[in-house]
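Structure first, commentary second.
Residue numbers (the UniProt record's numbering): 1 to 192.
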């Protein structure tokens, strides 16, 4: 499916979140919507998508972890998804499950649009958990309530410098940056 659109939308969301001012006092930052804070927080009365975010493994998130939930339109093939609504909040030591409410303007969504919901958790600017499946909402009878499962992000080594042959290499990972084995145009003969 279009998993790259979810990952691309999440990466765009996290990039935009990184550009936000970080000089607010913790007391002024909006809390993550949890079961305890929903009752005391302002109610959203317009159209919205709501649900819960679960983390697939038992882990304690640090107080500076950031949860990002994004509602995006991925209708256009081979193009980045368009962010419709997004909520970014520090977890402030609270643990999963997290509840969320994302308001949206129905006039911004075409009747045949493919509207996707995704989430990610970052710690110290590093993405640590992300949704790995597509959650379609709003159109096509999907409704406006969805729960998201987050899975750990697997670290992938990235080639950083060219080696003597000009290929990108990573000396810490065998096999990266080495030339592929030559392929012969003449098949080898098997002996029986």
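Where a beta carbon is used, it is the ideal one built from N, C-alpha and C, also for glycine.
Residue i Cβ short of 8 Å to the ligand ATP heavy atom set
i	result
residue 90	By its list of ligands, the structure shown contains no ligand whatsoever, and the ligand ATP lies outside what it can speak to.
Within 9 Å, strictly: CB atoms of residue i and residue j
i	j	result
residue 123	residue 66	yes
residue 132	residue 115	no
residue 95	residue 148	no
residue 91	residue 121	yes
Under the three-state DSSP convention, the category residue i falls into
i	result
residue 107	helix
residue 61	coil
residue 154	coil
residue 45	coil
residue 31	Note that residue 31 has pLDDT 41, beneath the 50 cutoff, so the model's placement of it is unreliable and no number is given.
residue 147	coil
residue 76	coil
residue 40	Confidence at residue 40 is low in this model, with a pLDDT of 42, below 50, so its placement is unreliable and no value can be given for it.
Neighbourhood of residue i by C-beta distance below 7 Å, restricted to the same chain and skipping five residues each side
i	result
residue 153	127, 128, 129 and 130
residue 97	52, 53 and 54
residue 85	71, 102, 103 and 104
residue 108	84
residue 57	152
residue 218	Residue 218 lies beyond the stretch modelled for the chain, which goes from 1 to 192, so this question has no answer here.
residue 93	63
Same chain only: Cβ atoms within 6 Å of residue i, ignoring 5 sequence neighbours per side
i	result
residue 106	47
residue 210	Outside the shown range of the chain (1 to 192) lies residue 210, about which nothing can therefore be said.
Three-pair Cβ contact test at 8 Å for the segment 44 to 58 versus the segment 94 to 113: yes
What are the complete beta strand (DSSP E) segments, minimum 3 residues, inside the segment 79 to 145? 82 to 90, 98 to 103, 115 to 123, 126 to 131 and 135 to 137
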